[in-house]
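Read through the structure below, which is laid out as structure tokens, and then see the notes.
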Ligand code: NDP
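Residue numbers (the working numbering): 1 to 361.
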């Protein structure tokens, strides 16, 4: 089945990382995830022989697979299931109170990758029945014009979620524009008030950032116990690592965070029952870093050169997959793991927002 040759995790592989703008690269590559789907199945990876999208009885560091192979956490299948659930809820809401959830995107400039992401998002909205709105502004638009669009969507009752597609042109103050998004419609969950509430005990954020939310959702859907477990999050970015650590802590895990200045990351990682890697370093976490039976969520999406691939590159995660799946009890593949969950969580946040605004249970 697999035509993709999964190369080893040697340093020569990592040195051939293709450098793309991280944020825009992520979005561009999300499309590639879909395109590469056929080439990378669980069976194609050699060692990870069990693949399941259905909840499985509690996996933990104590339940290493008897075959010596990790369960593949199928993010694509889980994301589809979630989208099906959202479709049902969207239509129930429409039938009961006549409201259709709406997601608005503001796209400034003509970056191809951003346009692709916006197109994919619109497709995802269409597939579940969420209405999508879009404003496209020229690269040389003023910040005031963008703020005017944000304000228009803030006031529009048919819009329940607002996304400002990043990156914005360099002459604009990104923070200023993001802060203008109404907290009630901040479906990305990046507003400081949402992050602050996420960090505080007894407080609830209105929205949780989509990628970390998707990571935790995968653990839940696979019945992976979090409470009392030792978790290590590698990476502390505002959009993934930091909120992922906060979420794990809220679920009563004992959490360590590894960043670029951490000494002995291998030793710390080896203590973890659950590892979430969001670094942006291809194959950084080797098999020897992993405690037998650990559960691994690999957020990384790294393009590495591959002359045998049609596009000249392929995607790998932050975890050395072929080593890790011999040690771990469960692992997400790249692609097909966390990536599809991110967009599913965006749709979920938009539905939640519409329900909250219209007080619909
Ligand atoms: P950032 O570059 O914003 O953050 C990377 C983090 O990793 C930083 O905290 C940095 O530490 C840390 N780091 C970098 N190098 C090392 C190292 N050698 N050892 C330990 N820690 C290190 O990246 P993002 O959080 O935005 O993204 C991370 C990865 O996840 C990327 O591959 C990205 O493409 C992918 N991604 C995937 C998504 C999906 O939907 N699947 C969505 C978003 C991102 P420090 O803080 O000290 O600089």
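A virtual CB, placed ideally from N, CA and C, is assigned to each residue, including glycine.
What you are looking at is a predicted structure, and each value in this text was computed from that prediction instead of being measured.
Not one heavy atom of the ligand NDP is found less than 7 Å from the C-beta of residue 336. In this structure the segment 315-327 lies against the segment 286-294, because at least three pairs of beta carbons, one per stretch, are closer than 8 Å. Here residue 165 is buried, its C-beta having at least 16 other C-beta atoms within 10 Å. For residue 236, the closest of 89, 251, 300 by C-alpha to C-alpha distance is 300.
Cα atoms of residue 159 and residue 104: separation of roughly 6 Å, rounded to the nearest angstrom. Beta-bridge pairing by DSSP links residue 131 to 102. Judged by DSSP secondary structure, residue 302 falls within the beta strand (DSSP E) whose first and last residues are 302-305.
Taken from the Cβ of residue 304, every heavy atom of the ligand NDP lies 7 Å or farther away. In this structure, residue 118 has its CB at a distance of at least 7 Å from all heavy atoms of the ligand NDP. By the C-beta density criterion, residue 277 is buried, having at least 16 other C-beta atoms within 10 angstroms.
Going by DSSP, residue 288 is part of no alpha helix (DSSP H) at all; its letter is neither H nor E.
In the DSSP assignment, the residues bridged to residue 161 are 103. Scanning its chain for C-beta atoms nearer than 6 Å, with the 5 sequence neighbours on each side dropped, one finds around residue 247 the residues 212, 216, in chain order. Each residue's CA atom was taken as its position, placing residue 226 and residue 294 some 12 Å apart. The alpha carbon of residue 255 has as its nearest neighbour, out of 96, 210, 233, the alpha carbon of 233. Excluding its 5 nearest sequence neighbours in each direction, residue 190 has C-beta neighbours in its own chain below 8 Å: 178, 209, 238, 239, listed in chain order.
Between the alpha carbons of residue 70 and residue 272 lies a distance of about 16 Å.
Short of 6 Å from the beta carbon of residue 261, and not among the five residues preceding or following it, lies no beta carbon of its own chain. Cβ atoms of residue 330 and residue 82 stay farther apart than 8 Å, at about 18 Å. Three or more beta-carbon pairs separated by less than 8 Å link the segment 125-142 to the segment 99-117, which places the two stretches in contact. In the three-state reduction of the DSSP assignment, residue 252 falls in the coil class, being assigned neither a helical nor a strand state.
Residue 336 places its beta carbon 8 Å or farther from that of residue 298. Placement of the Cβ of residue 261 at a distance of less than 7 Å from at least one heavy atom of the ligand NDP is found. Distances from the CB of residue 87 to the heavy atoms of the ligand NDP are all 7 Å or more. Look at residue 206 here: in three-state DSSP terms it is coil, with no helix or strand label. Taking all protein chains in view, the Cβ of residue 324 is crowded by 16 or more other Cβ atoms within 10 Å, so the residue is classified as buried. It is roughly 11 Å from the alpha-carbon of residue 267 to the alpha-carbon of residue 285. The C-beta separation of residue 93 from residue 263 comes to about 51 Å, leaving the pair out of contact by the 8 Å criterion. In the displayed model, residue 268 falls within a helix according to three-state DSSP. DSSP places residue 277 in the uninterrupted beta strand (DSSP E) bounded by 274-277. With a 10 Å radius around the Cβ and a threshold of 16 neighbouring Cβ atoms, residue 302 comes out buried.
The residues 306, in chain order, have a CB closer than 6 Å to that of residue 314 in the same chain once the five nearest residues on each side in sequence are set aside.
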